[in-house]
Amino acid sequence: MLSGISIVCFAASYSISLGLESTRLLFRTRIRYPLVVSFGIAGWIAHSLFLAFRIRQQLDGGLPLSSWLDWCLVAAWVLVAIYLLSAFLNPRVATGLFLLPAVLILIGLARLLRDRPTFSQDAATRLWGMCHGLALLLGTVAVVTGFVAGVMYLVQAHRLKHKLPPRAGLELPSLEWLQKANERSLIYSSFLLVLGVGSGIILNFVKYARLNTGTPWTDPVVWGSGILLLWLTAALLFKGLYKPARQGRKVAYLTVACFLFLVLAIGLALMARHASVVDQRPSNDLSRRQSTGCPLAGNDEKTILGTRDLRRHSSRIFSTGGA
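The numbering of the sequence shown is our numbering, which starts it at 3 and goes up by one.
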């Protein structure tokens, strides 16, 4: 089923969406918005299935999403996701008139570069590692920015509620501006962490594609960022479905809670990584001892200590007998 999806399928959907978006310049109609969103979602789903099918094919004997064709298609996929998110949040803003042409250009560029060879494993690891680290870094910055805006909102709301005069040198933005900053930080941080987790998954596949061992999913950064992503997604759903949560104070509390959850996730990840390093030290010591050429009775450290004691005892017996 997935093999029947081609680049033409989602490119045609995006072209229709762009054509409908361009009618904004000619006339107004209520039916345009649902049609634009429907074609955009249909194209994005087909686009996602096409990438999933390529990943499944490439995992059999190659590197997933590690060619210029794949990179152009992934970049177009991200831009369409941004366009759909913007269409849901601000239906009146004509974002598609600027994003969809860039999407179609990337798809056309992917078609032109489809015969280029795939990247080497080292190059693919560096590129996906850069994307993974940059997305997690920007997502963390967005969470911290939301936390700062949330604290400023609570301070400003407390001052206005109790009719306190502003202190000299402590002028804060308006509550409306701070509320928008809080909402946008939630959206941006969630989107960036989606990119970070997704690129981290592909990075794991690329790193262990040619090894017989399975792909490890116990990396503290992977599951820590995944847990934080689940929390941010739950916060966004809570804000969108529960109307009182859309008020400024509730959004500020959510951003502060997201920051605390980020600190908790980073702390747990650091502790887990430290524990894994400590657990690996005995095995590393054993491997060093074995590499020196000493005859060992076993691979266990207790066996090594017992062997050393036995040698010392036997040497004493021989020295006594010789005397």
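Note that the Cβ used here is the ideal one computed from N, Cα and C, for glycine as well.
Three-state class that DSSP yields for residue i in the structure shown
i             : result
alanine 126   : helix
proline 28    : According to the sequence displayed, residue 28 carries leucine and not proline. If DSSP states are grouped into helix, strand and coil, leucine 28 belongs with coil.
proline 168   : coil
tyrosine 190  : helix
leucine 67    : coil
proline 175   : coil
tyrosine 155  : helix
tyrosine 2    : Missing from the structure shown is residue 2; the chain here goes from 3 to 325 and no further.
proline 103   : helix
threonine 120 : coil
serine 201    : helix
leucine 115   : coil
isoleucine 7  : coil
Residue i to residue j span [Cα, whole Å]
i                 : j                 : result
proline 93        : serine 15         : 19 Å
glutamine 181     : tyrosine 155      : 7 Å
proline 168       : arginine 161      : 8 Å
serine 40         : leucine 195       : 26 Å
serine 88         : valine 95         : 8 Å
leucine 71        : arginine 118      : 8 Å
arginine 26       : lysine 163        : 43 Å
methionine 132    : valine 80         : 16 Å
alanine 83        : tryptophan 46     : 8 Å
leucine 173       : isoleucine 189    : This sequence places glutamate at residue 173; leucine is not what is there. One C-alpha to the other measures close to 26 Å.
alanine 267       : isoleucine 229    : 7 Å
leucine 262       : leucine 86        : 29 Å
phenylalanine 55  : valine 76         : 13 Å
histidine 134     : arginine 251      : 33 Å
arginine 34       : methionine 273    : 52 Å
leucine 28        : serine 191        : 36 Å
arginine 30       : glycine 98        : 16 Å
phenylalanine 100 : alanine 78        : 13 Å
threonine 127     : leucine 238       : 32 Å
leucine 179       : glutamate 185     : Residue identity differs from the one stated: residue 179 is tryptophan in this sequence, not leucine. Going from the Cα of tryptophan 179 to the Cα of glutamate 185 covers about 10 Å.
leucine 177       : leucine 231       : 27 Å
isoleucine 43     : lysine 209        : 32 Å
phenylalanine 12  : leucine 67        : 18 Å
isoleucine 57     : phenylalanine 193 : 21 Å
alanine 259       : arginine 32       : 39 Å
The alpha helix (DSSP H) enclosing residue i, as first and last residue numbers
i            : result
aspartate 72 : 70-91
serine 40    : 34-60
valine 95    : First-last for valine 95: undefined, no H or E at that position.
Inter-residue CB distance, residue i and residue j (contact presumed, cutoff 8 Å)
i                 : j              : result
alanine 48        : glycine 152    : About 39 Å separates the two Cβ atoms, so there is no contact after all.
phenylalanine 207 : leucine 61     : 6 Å
valine 2          : serine 187     : In the structure displayed, the chain extends from 3 to 325; residue 2 sits before or after that span and is not available.
phenylalanine 121 : leucine 129    : 7 Å
glutamine 123     : leucine 205    : In fact, because the Cβ distance is near 11 Å, the residues do not count as touching under 8 Å.
threonine 235     : glycine 148    : About 15 Å; that fails the 8 Å criterion.
glycine 328       : glycine 198    : Only positions 3 to 325 of the chain appear in the structure, and residue 328 is not among them; the question remains open.
serine 201        : alanine 125    : Actually they do not touch by this definition, with Cβ atoms about 15 Å apart.
leucine 51        : isoleucine 109 : Incorrect: roughly 15 Å between the Cβ atoms, too far for contact.
arginine 113      : isoleucine 9   : 6 Å
leucine 115       : cysteine 74    : 7 Å
heavy atom of the ligand HEM below 6 Å from residue i C-beta
i          : result
lysine 165 : Judged by which ligands are present, the structure shown has none, so any question about the ligand HEM falls away.
Inset, instruction - Tell me, please, whether the region 93-111 touches the region 17-24 by the rule of three or more beta-carbon pairs shorter than 8 Å. - result: yes
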